[in-house]
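Add 9 to the 1-based position in the sequence shown for this note's numbering, that's all there is to it.
From the three backbone atoms N, C-alpha and C, an ideal C-beta is built for every residue, glycine too.
Keep in mind the model is a prediction, meaning the values are calculated, not measured.
In what follows, a single structure is set out as structure tokens and then discussed.
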Amino acid sequence: MGRANDGMRPKRPWPLLIMVLIFLGLIGVLLVLIVTAPPTPSVEVSAGAGPDAASSKTVDFARGFKRIDAHAHLSVGSLPQLVELMDLYGFAHIVDLSGGIPDHGLEAHLTQAMASHGRISVFMTLPGREFRVPGYGQRIAAMIERAKQMGAKGFKIPKGLGLGWDGPDGKLVPVDDPGLDPIFETCGRLGMPITIHTADPKAFWQPPTPANERYEELSAHPGWSFYKAGTASWEELLDQLERRVARHPNTTIIGVHFGNAAEEPERVARMLRKYPNYYIDTSARVPEFGRHPPDKMRAFFIEFQDRILYGTDLGVGPEPGDLVLGSGGDEPPPPAEVVRFFRSTYRYFQTPDLNFESPTPIQGKWNINGINLPKEVLEKLYFRNAQRVMGIPAQ
Numbered sequence: 010m011g012r013a014n015d016g017m018r019p020k021r022p023w024p025l026l027i028m029v030l031i032f033l034g035l036i037g038v039l040l041v042l043i044v045t046a047p048p049t050p051s052v053e054v055s056a057g058a059g060p061d062a063a064s065s066k067t068v069d070f071a072r073g074f075k076r077i078d079a080h081a082h083l084s085v086g087s088l089p090q091l092v093e094l095m096d097l098y099g100f101a102h103i104v105d106l107s108g109g110i111p112d113h114g115l116e117a118h119l120t121q122a123m124a125s126h127g128r129i130s131v132f133m134t135l136p137g138r139e140f141r142v143p144g145y146g147q148r149i150a151a152m153i154e155r156a157k158q159m160g161a162k163g164f165k166i167p168k169g170l171g172l173g174w175d176g177p178d179g180k181l182v183p184v185d186d187p188g189l190d191p192i193f194e195t196c197g198r199l200g201m202p203i204t205i206h207t208a209d210p211k212a213f214w215q216p217p218t219p220a221n222e223r224y225e226e227l228s229a230h231p232g233w234s235f236y237k238a239g240t241a242s243w244e245e246l247l248d249q250l251e252r253r254v255a256r257h258p259n260t261t262i263i264g265v266h267f268g269n270a271a272e273e274p275e276r277v278a279r280m281l282r283k284y285p286n287y288y289i290d291t292s293a294r295v296p297e298f299g300r301h302p303p304d305k306m307r308a309f310f311i312e313f314q315d316r317i318l319y320g321t322d323l324g325v326g327p328e329p330g331d332l333v334l335g336s337g338g339d340e341p342p343p344p345a346e347v348v349r350f351f352r353s354t355y356r357y358f359q360t361p362d363l364n365f366e367s368p369t370p371i372q373g374k375w376n377i378n379g380i381n382l383p384k385e386v387l388e389k390l391y392f393r394n395a396q397r398v399m400g401i402p403a404q
């Protein structure tokens with residue numbers, strides 16, 4: 010019986026058992042690798058995420074939103090470096106406010122914009138030298154007509170108006186000078202928005218001593234100090250701006266740098282409520298409005314979610330590293346400062362984080378607090394408002 014049964018004995022299960030053990034071993038190794046793997050270096054946090062969301066140190070703030078930088082200054086020849094920055098920090102489009110005028114720079118800036126394949130728009134820039142000869146308003150208005158035909162999207166007025174440009178009589182031309190009316194009326198008729206830089210931070214009207222909270226910035230740029238006789242006061246300039254905005258209800262006017270009144274959000278809010286044609290951008294003022302109570306500023310951005318354009322005041326030169334981050338010292342910023350500039354800005358708008366370094370500490374040695382805007386508000390701030398107000402084609 011024993012021998013007869015040997016021929017019919019079932020096969021041992023060892024091969025199958027070995028295969029199962031190998032399979033289980035492979036799963037175990039995989040689990041170990043997953044558990045011990047380092048954290049993903051870029052973790053996206055959705056807009057409106059609370060304090061329990063992923064640490065801001067690992068958040069890729071650039072993801073999740075298209076952005077238009079509505080306030081930048083580009084040199085001709087800066088396109089290669091610019092595109093690299095745009096791709097790295099999440100920009101679909103940039104508005105070049107340093108376009109110059111016809112026959113004096115505008116052609117080159119428009120050519121560079123064309124080479125960007127739709128990623129750059131160009132504004133004509135107010136030529137202050139025209140004020141020396143009577144009839145400047147009509148002459149500049151004619152330039153604007155031509156710039157529009159050439160492809161300029163809007164018109165930029167630098168801060169020299171009211172602070173540095175003299176008229177034919179040798180006196181400063183104020184922001185509300187009637188001689189400028191043809192400029193504003195022409196832009197309104199053509200549907201060209203005007204971005205206007207009026208005044209500067211309040212600290213620039215205080216003595217440029219170590220007691221000044223912007224002493225480091227004023228030391229690097231002594232010409233920015235307006236603590237001298239004969240200069241219009243900060244309040245006078247802002248009053249001139251308001252009279253200008255009120256005079257042209259059919260012209261879109263964008264007060265750059267948070268209307269240059271980031272120290273007084275209530276003043277900006279009053280103008281936004283009173284004048285439907287008035288808008289502001291955020292350029293180079295995140296440190297200033299970022300030190301106000303976050304709940305107050307969150308309410309501000311939500312109330313005026315259709316009237317605020319995101320801007321950086323970024324300056325881009327033709328050489329690698331030739332950048333200006335809204336403000337700065339004598340030397341180009343090192344890479345770490347570039348990262349901080351964008352990261353702190355996005356962190357302010359997108360998270361509830363408290364007491365972190367501002368994008369540009371040279372503008373003041375204080376920290377800021379995030380306002381954690383809802384996603385729909387961020388989309389308007391970052392992209393939709395500029396697209397609508399500045400007539401930027403769909404990306």
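Residues of its chain near residue i, where Cβ-Cβ distance is below 7 Å and the 5 sequence neighbours each way are ignored
i, result
"residue 329", "90"
"residue 292", "80, 265, 266, 320, 321, 322 and 335"
"residue 324", "82, 332 and 333"
Own chain, CB closer than 6 Å to residue i, minus 5 neighbours either side, in chain order
i, result
"residue 135", "166"
"residue 391", "74, 76 and 319"
"residue 190", "none"
Element boundaries [alpha helix (DSSP H), containing residue i]
i, result
"residue 256", "243–256"
"residue 156", "145–159"
"residue 290", "Premise fails: residue 290 lies in the beta strand (DSSP E), 287–290, not in any alpha helix (DSSP H)."
Classification of residue i by the beta-carbon crowding that lies within 10 angstroms, buried from 16 upward
i, result
"residue 259", "exposed"
"residue 142", "exposed"
"residue 97", "exposed"
"residue 389", "buried"
"residue 369", "buried"
"residue 304", "exposed"
"residue 161", "buried"
"residue 108", "buried"
"residue 403", "exposed"
CB contact below 9 Å: residue i versus chain B
i, result
"residue 266", "Annotation note: the requested chain B is absent from the structure, which comprises a single protein chain."
Own chain, CB closer than 8 Å to residue i, minus 5 neighbours either side, in chain order
i, result
"residue 345", "none"
Continuous beta strand (DSSP E) stretch holding residue i: start and end
i, result
"residue 192", "No beta strand (DSSP E) holds residue 192; the alpha helix (DSSP H) holding it covers 190–199."
"residue 163", "163–166"
"residue 76", "76–83"
"residue 134", "129–134"
"residue 100", "100–105"
"residue 263", "262–264"
Rounded separation between residue i and residue j - CA only
i, j, result
"residue 241", "residue 73", "44 Å"
"residue 122", "residue 94", "16 Å"
"residue 132", "residue 70", "28 Å"
"residue 307", "residue 380", "5 Å"
"residue 179", "residue 237", "18 Å"
"residue 195", "residue 261", "11 Å"
"residue 310", "residue 286", "17 Å"
"residue 174", "residue 152", "19 Å"
"residue 106", "residue 356", "25 Å"
"residue 394", "residue 218", "40 Å"
"residue 102", "residue 396", "9 Å"
"residue 192", "residue 315", "25 Å"
"residue 209", "residue 172", "10 Å"
Given 8 Å as the limit, is there contact between the region 349–363 and the region 263–275, that is, 3 or more CB pairs closer than that?
When C-beta atoms of the region 349–363 are compared with those of the region 263–275, fewer than three pairs fall below 8 Å, so the two segments do not count as touching.
Would the region 176–186 count as touching the region 248–255 if we require 3 or more Cβ pairs under 8 Å?
By the Cβ criterion, the region 176–186 is in contact with the region 248–255, since at least three pairs of Cβ atoms, one from each stretch, lie closer than 8 Å.
Quick check: the region 223–236 against the region 147–157, are there 3 or more CB pairs under 8 Å?
Here the region 223–236 does not lie against the region 147–157, with fewer than 3 beta-carbon pairs under 8 Å apart.
Below 8 Å, can you find three or more Cβ-Cβ pairs linking the region 110–124 to the region 357–365?
By the criterion of at least three beta-carbon pairs nearer than 8 Å, the region 110–124 is not in contact with the region 357–365.
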